[in-house]
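Okay, structure first, notes after.
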Amino acid sequence: MLKHIDSIKSLRDFNIYPSTPRYFQKIIFWFFLCIFMVGSFTEIHGQYFGRNKVRYDQFNFKILQSKHFNVYFYPPNTLAAKNSTRLIERWYSRLNGFFQYDLPSLQPLILYANHADFQQTNVLTGLISQGTGGVTEGIGKRIILPLTGTNADDDHVLGHELVHAFQYSLADSFGQGYTSLAQIPLWAVEGMAEYLTSGRNDPHTAMWLRDAVLHEDVPSVKDISVDPRYFPYRWGQAMWAFIGGKWGDDKIPLLLKTSFRTGLDSAFIKILGIDADSLSNLWLKTVEETYRPQLEGKTLPREIGQRLLAEDIDAGEMNLAPSISPDGKWVTFLSERDLFTIDLFLADARTGKVVKKLASSNR
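Quick note on numbering: the working numbering labels position 47 of the sequence shown as 51, and the sequence is numbered without any gaps.
Pasting the structure below:
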């Protein structure tokens, strides 16, 4: 049963922090004053370069209150907010059982109608790129995300961000808070969220694994921990799928909780009985044995096709998601061709010559 509360008109009308004993008040005052001064400098610095966050709209937030969530939304998104609340309550029941843990208070979930509205949020101080699908911030433990209009996508992001809310809260329960979670490799944090929302048998991740075997570039645990070339979401999901398949999913929350005290490498030894190097060797052997047979006898694209989007032609080093126009004359693709951002380009489908940039991730 959803409880609809109309009395709160904006996010500034409620206090997310509990009341504090008087002798702590001065400490907290100076703490937040320092944060404010740093934040003010950041904003001034951003304005100097013309990159300050602009808020175009005034959002009249209301609340839907469910068993475990305070969901903040604004009209006319009432139906979408109710649906999102049902979806995230379903995720809560799954993750609560998985982690064997209850969030200590109602979890804030802030919904925006679209990505343009989401980019105006003042809950987060930094600029938000087009590729950001949602955020769980560490201090207030608030989940903030835009609705996409696609139920499956919204469901996935809601689940992913709720995993982070559980991770933050578990870290707090061990007395270390955000600092202990920050010491865990990004692949373990983000990969866990992907694994718990996408599952063990994910065709997208399987494609990455086949490609890595083909190019003899399957990373070790150390590689995905320190080398930024290995995408932590995808490789983290694959690593947790391997661990869950080999030792059981019940070991995953134990590894997380132990990591807060000892670090992940020591947690491997205590929970799995092997160190990170041994885990890597077993992982590499298993991936090779699983995917190498699938590649035997296959015809490689370069054996029958023409290279079109490549750095030595007119594209970038990384070129993704090509889409051919209906008449076959043009191709759009994502690339880091302009060095600092991933942008959308239009190229000639016969020569690969880039015609123009269609959109930038900064705009």
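Just so it is clear, CB atoms sit at the ideal spot from N, CA and C, and this is done for glycine as well.
In the three-state scheme derived from DSSP, where H, G and I count as helix and E and B as strand, Gln171 is classed as helix. Secondary structure at Tyr96: helix, using DSSP grouped into helix, strand and coil.
Look at the beta carbons and you see the stretch 159 to 173 touching the stretch 100 to 108: at least three pairs across the two are nearer than 8 angstroms. One Cα belongs to Asn126, the other to Arg59, and the distance between them is close to 8 angstroms. Contact between the stretch 180 to 195 and the stretch 215 to 233 is present: 3 or more CB-CB pairs across the two stretches fall below 8 angstroms. With three or more CB-CB distances shorter than 8 angstroms, the stretch 108 to 118 counts as touching the stretch 128 to 148. The three-state reading of DSSP puts Asp342 in coil, since its state is none of H, G, I, E or B. Spanning the alpha carbons of Ile278 and Thr290 requires a straight line of approximately 16 angstroms. Secondary structure remark: continuous alpha helix (DSSP H) runs of at least 4 residues inside the stretch 180 to 204, in chain order: 182 to 186 and 190 to 202. Lys261 sits in a helix when the DSSP states are folded into three classes.
DSSP lists Pro150 as the beta-bridge partner residues of Tyr116.
Here Leu213 has Val222, Ala242, Val291, Thr294 and Tyr295 as same chain residues with Cβ atoms under 8 angstroms from its own Cβ, once five neighbours each way along the sequence are excluded. Per DSSP, the beta bridge partners of Asn323 are Ser339. Taking a contact to require three or more Cβ pairs closer than 8 angstroms, the stretch 201 to 217 and the stretch 157 to 166 qualify as touching.
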